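Undergrad: According to the working numbering, the sequence shown holds residues 574 to 717 in order.
Glycine included, C-beta positions come from ideal geometry on N, C-alpha and C.
These numbers were taken from a predicted model, which means no experiment stands behind them.
Structure below; questions to follow.
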Amino acid sequence: MDTIDRAIVRELQANARLTNADLAQRVGLTPAPCLRRVRRLEEDGVLLGYHAEVNPDKVGRAFKVLIDVDLTSQAHTTVEAFESQAVELSEVTEVRRMFGSPDYAFRVEVADLESFEKLLREKVWRLPGVHRVTSHFTMKVLKG
Numbered sequence: 574m575d576t577i578d579r580a581i582v583r584e585l586q587a588n589a590r591l592t593n594a595d596l597a598q599r600v601g602l603t604p605a606p607c608l609r610r611v612r613r614l615e616e617d618g619v620l621l622g623y624h625a626e627v628n629p630d631k632v633g634r635a636f637k638v639l640i641d642v643d644l645t646s647q648a649h650t651t652v653e654a655f656e657s658q659a660v661e662l663s664e665v666t667e668v669r670r671m672f673g674s675p676d677y678a679f680r681v682e683v684a685d686l687e688s689f690e691k692l693l694r695e696k697v698w699r700l701p702g703v704h705r706v707t708s709h710f711t712m713k714v715l716k717g
């Protein structure tokens, strides 16, 4: 990737709805070579997709919580069962298996505290092998 490719990526991250003509102008190219570069960035796996930014208040996901989950066992069957079910929870927008403690980190988006408590009680605590769940509520987002 050269400086023009990086500029294309930066512009598309800021606004993926730019027309090719607008993108080309912003990065100092004519439209045809700009489009070729965008297509190459897509083919090379640099640009993975284009996404809409959604207002979480309007879709019932304004209450965001980070959850740490520790398992009772690191046995292969426990880990596989836990992971296969954890990724199916629609309220969980991100699942990361961690090195060290905790075993897993979840990002959760729900409507409110009551919805969060219901998610924990009815879904998270019922996942296979769950030993401990620790929740982190954000006071203030400084960057993100």
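Below 8 Å on the Cβ atoms is my guess for N593 versus L608; work out the distance and round it to an integer in Å.
TA: 5 Å
Undergrad: Among residues of its own chain, excluding the 5 on either side of A597, which ones have a beta-carbon nearer than 7 Å to its beta-carbon?
TA: Cβ within range, chain order: T603, P604, C607.
Undergrad: Using only the alpha-carbon positions, how far apart do F655 and A648 sit?
TA: Their Cα atoms are separated by approximately 11 Å.
Undergrad: For the segment 683-692 against the segment 630-645, are there 3 or more C-beta pairs whose distance is under 8 Å?
TA: Touching, yes.
Undergrad: Report the three-state DSSP secondary structure of R609 (helix, strand or coil).
TA: helix
Undergrad: Helix, strand or coil, according to DSSP, for H711 in the structure here?
TA: The sequence given here has Thr at residue 711, not His. Collapsing the DSSP output to three states places T711 in coil.
Undergrad: On the DSSP bridge list, what partners appear for D643?
TA: R705
Undergrad: Identify every residue that forms a DSSP beta bridge with Y677.
TA: Residue pairing by DSSP places Y677 opposite V642, R670 in a beta bridge.
Undergrad: Beta-carbon within less than 7 Å of L700's beta-carbon, same chain only, minus the 5 sequence neighbours each way: which residues are those?
TA: Only F655, Q658, A659 meet the Cβ criterion.
Undergrad: Just list the residues that DSSP pairs F636 with in beta bridges.
TA: DSSP links F636 through a beta bridge to V683.
Undergrad: Buried or exposed for L644, please, with buried defined as at least 16 other CB atoms from any protein chain shown within 10 angstroms of its CB.
TA: Here L644 is buried. Its C-beta has 16 or more other C-beta atoms within 10 Å.
Undergrad: If you drop the 5 nearest sequence neighbours on each side, which residues of the same chain put their C-beta closer than 6 Å to that of T666?
TA: R680, E682
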